[in-house]
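This report refers to the structure that appears directly beneath it.
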Amino acid sequence: MDCLTEMQGKQAHDPILLEKMNTTSSWRCICVPGPLIVGAGPSGLATAACLKQKGVPSVVLERSNCIASLWQLKTYDRLRLHLPKQFCQLPLMGFPTDFPTYPTKQQFVAYLEAYARMFDIEPRFNETVSRAEYDATLGFWRVKSVGIKGEGTEYVCRWLVVATGENAEALVPEMEGKGEFGGDIRHTSLYKSGEEFRGKRVLVVGCGNSGMEVCLDLCNHNARPSLVVRDTVHVLPREMLGRSTFGLSMWLLKWLPIRFVDRLLLVLSWLMLGDTARFGLERPRLGPLELKNLSGKTPVLDVGTLANIKSGDIKVCPSIKRLKRFAVEFVNGKTENFDAIILATGYKSNVPSWLKEREMFSEKDGYPRRPFPNGWKGGNGLYAVGFTKRGLLGTSMDAERIAEDIERCWKHEAKHRTAFTRSAVLQQSSP
Ligand SMILES: Cc1cc2nc3c(=O)[nH]c(=O)nc-3n(C[C@H](O)[C@H](O)[C@H](O)COP(=O)(O)OP(=O)(O)OC[C@H]3O[C@@H](n4cnc5c(N)ncnc54)[C@H](O)[C@@H]3O)c2cc1C
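All residue numbers for the sequence shown refer to this note's numbering, where the first residue is -10 and numbers rise by one.
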C-alpha cells in the first residue's frame, strides 16, 4: 500500500509550497482532500458510491452536462442492455425488481440517476479534463480541467481515478474517396433511429453488437441495409436452454474448462442458428469465450438480425475498397449504390490525450498495461475503473477494489489530512 509519506504530509500543508502552486498557475486552484474521479459514467458513479459508503468523499468531473453521457447522448433509441440486468448492476444497489431482464436504455439511465441520488453524487458537469500529471515534488496529482467557456481549473489531489471509459471517442476509419461520397456518413454514436433512413439504401460498416442491431433497426423502419463484414465473428443466440447465453456461460465456467464451454456454446449455436458461415459470417478459429479472454473481442448476441440476413433483407458485403459518388466499391470489385453509411466501427479510450503517465496506461491504446484483474491500480495513487473489457461486471469489481484500497490510505492519513484540509482549501480566481 503506497500511503502518504510523512514528507508528503508536511508538504501538503506547507504554505510556501501551496502558495507556489497557486501563483505559478493562472488557473483557479482547488485542493481535493479525497480522490478525484474523472468521468461520471457508470464506472465513475460506482467508484464514488463505494467510496461514499466507506466515508471517503470524492469529487467527480464530467465533460458533458449529464451523468452517463454515453448512454444518454450517444446511443440509439432501441438500445437495451445486452446482458441480463443481474450482470449489469452497480455495487450496493440492484435494479428495481419490476425492470425487465434486459432493461431499455431509458430504464438504465433512470437506474443510474437513482443511484447518483441515493449516494448523493453530484458531479461537476461541463468540465473536460485536459491534463493530469503527478507532481513528484508535492506528492500530488495536478489535474487541469476546462469549462465550456474556456475557464480553467486546476485540482490538486492525492488520488486520481480514471473513469473515462473504453468508449470515450468514436473510432472513425479513413476511407478512400470519403469526400466524394456526397451522402450522410455517420458513426453509430450519432445514430438514433432508422426512421430518418426509411426507404434508403444504407451501408452499415462493422458487425459487432451495435452494427448488427442498427441493421435490424433499419430493417424495422423499412430501410434497405447492407452490412460490411470484414472479420470473422461469433454470433450466438442471446438465450440458450431457457437461460441467457452469458449467464449460462458464467455458470458452466465454474465447473468446466473454457474450451469445453466454448465447444458447447458453438454446438448449441449451430443447432439454433445454423451455420453462420453460409450467410457470410465466418467464425473465428478460437471459441467465443477464449477469444474474449485473449483479445477482448465480444461475441455478438443475436436479437433478430440473423433472421433478416438469412431472408436476404440484410445483405452481407466484403470490405470497402473506396467510396464513390453515392456508391461504394468493395474489395471483390463490385460497386453498389448507397444513400448513407453508418460506421459501427467502435470506440477508443482517450486517456493518452490527457494523462501524462506511461507506466500504468499504455500510450498505444489508452488501457492499463496490466491485464485483468490487475489493471485497476497504478503507482502514486492512480487508479483505473472500467477498462477491463468486461462491461459493467468489470466496473463493479474495479470500483469495490479501488474504494477498499483508498479507504485504507484514507484512514491511515487522517492525521495529516486534518492539517491539510485546514490550510489547503485554496480558491483563487484567475487574474
Ligand atoms: C451501445 C453500447 C451498449 C453497451 N451495452 C452494455 C451492456 O449491456 N452491458 C455492459 O456491461 N456493458 C455494455 N456496454 C459497455 C459500456 O461501455 C458500459 O456499459 C459502460 O457505459 C461503461 O461505463 P464507463 O463509466 O466505464 O464509461 P462511459 O459510460 O463511457 O463513461 C465515461 C464518462 O467519462 C466522461 N469523460 C471522458 N473523457 C473525459 C474527460 N477528459 N474529462 C471529463 N470527463 C470525461 C464521458 O463523457 C463519460 O460520461 C455497452 C456499450 C455500448 C457503446
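We put the CB at the ideal spot given by N, CA and C, even for glycine.
Burial check for residue 272: the Cβ neighbour count within 10 Å reaches 16 or more, so the residue is buried. In terms of Cα proximity to residue 26, the closest of 76, 173, 117 and 175 is 117.
Close CB contacts of residue 280 within its chain, under the 8 Å cut and outside five residues either way in sequence, are with 223, 273, 286 and 288 (chain order). If you look at residue 381, you'll find it in the alpha helix (DSSP H) that goes 380 to 401. By the neighbour-count definition (other C-beta atoms within 10 Å, threshold 16), residue 130 is a buried residue.
For residue 155, the secondary structure class from DSSP, reduced to helix, strand or coil, is coil. Residue 229 is bridged by DSSP to 232. DSSP places residue 114 outside both helix and strand once states are collapsed to three, so it counts as coil.
Here residue 200 is buried, its C-beta having at least 16 other C-beta atoms within 10 Å.
Between the alpha carbons of residue 247 and residue 361 lies a gap of roughly 16 Å. Look at the beta carbons and you see the stretch 127 to 146 not touching the stretch 386 to 395: under three pairs across the two are nearer than 8 Å. Residue 52 has its alpha-carbon roughly 17 Å from the corresponding atom of residue 101. In this structure, residue 29 sits away from residue 203, with a CB-CB distance that is not shorter than 8 Å. Taking 8 Å as the cut-off, the Cβ atoms of residue 191 and residue 309 do not count as close.
Residue range 213 to 217 is occupied by the beta strand (DSSP E) that includes residue 214. Judged by DSSP in its simplified three-state form, residue 343 adopts helix. Collapsing the DSSP output to three states places residue 121 in a strand. If you draw a straight line from the Cα of residue 82 to the Cα of residue 95, it comes to about 18 Å. For ligand 1, a non-hydrogen atom lies closer than 7 Å to the CB of residue 339. Fully enclosed alpha helix (DSSP H) runs of no fewer than 4 residues occupy 277 to 284 and 294 to 299 of the stretch 269 to 319, in order along the chain. Here the alpha carbon of residue 171 sits roughly 18 Å from the alpha carbon of residue 213. For the set 251, 352 and 57, the Cα lying nearest the Cα of residue 375 is the one of 57.
Judged by DSSP in its simplified three-state form, residue 130 adopts strand. DSSP places residue 190 outside any alpha helix (DSSP H); the residue lies instead in the beta strand (DSSP E), whose first and last residues are 190 to 194. With a cut-off of 8 Å on Cβ pairs, the stretch 31 to 43 is not in contact with the stretch 160 to 168, counting fewer than three such pairs. In this structure, DSSP gives residue 325 an extended state, which the three-state scheme calls strand.
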